[in-house]
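Below is one structure, written out as structure tokens; comments come after it.
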Amino acid sequence: MSSDPRVELQSLVSALQEHMMAALNKDDSDTTTLESAEDALVEAFENYEDALYNVTGEVTPLDIFEDDDIDDDDDDFDDDDYDEDDEDEDY
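Our numbering puts the sequence shown at residues 101 to 191.
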């Protein structure tokens, strides 16, 4: 990892491009390429954010969610709590 956020930003952009290419060319029988690109993207983002924070004291407004975090969010919504009539109310 570089201490220069500009260098880490370029690595992040490259990781985003690699992830896009892996997603566009994915083969459902072999997901290792896409998974590797996802891992590299997470690492590049974390390196960028660390370098940015070390130099500026600032962070991005982005969070990385793991698959199990997404599954937990699905459990938070209860269809019984949703009332279609609430959509039309003026607040």
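Beta carbons: idealized from backbone N, C-alpha and C, even for Gly.
Between L152 and H119, the CB-CB gap reaches or exceeds 7 Å. Per DSSP, the continuous alpha helix (DSSP H) segment holding E149 begins and ends at 132-156.
Where M120 is concerned, the enclosing alpha helix (DSSP H) starts and stops at 105-124. The residue among A122, E146, L124, S136 with its C-alpha nearest the C-alpha of D163 is E146. In the three-state scheme derived from DSSP, where H, G and I count as helix and E and B as strand, D167 is classed as helix.
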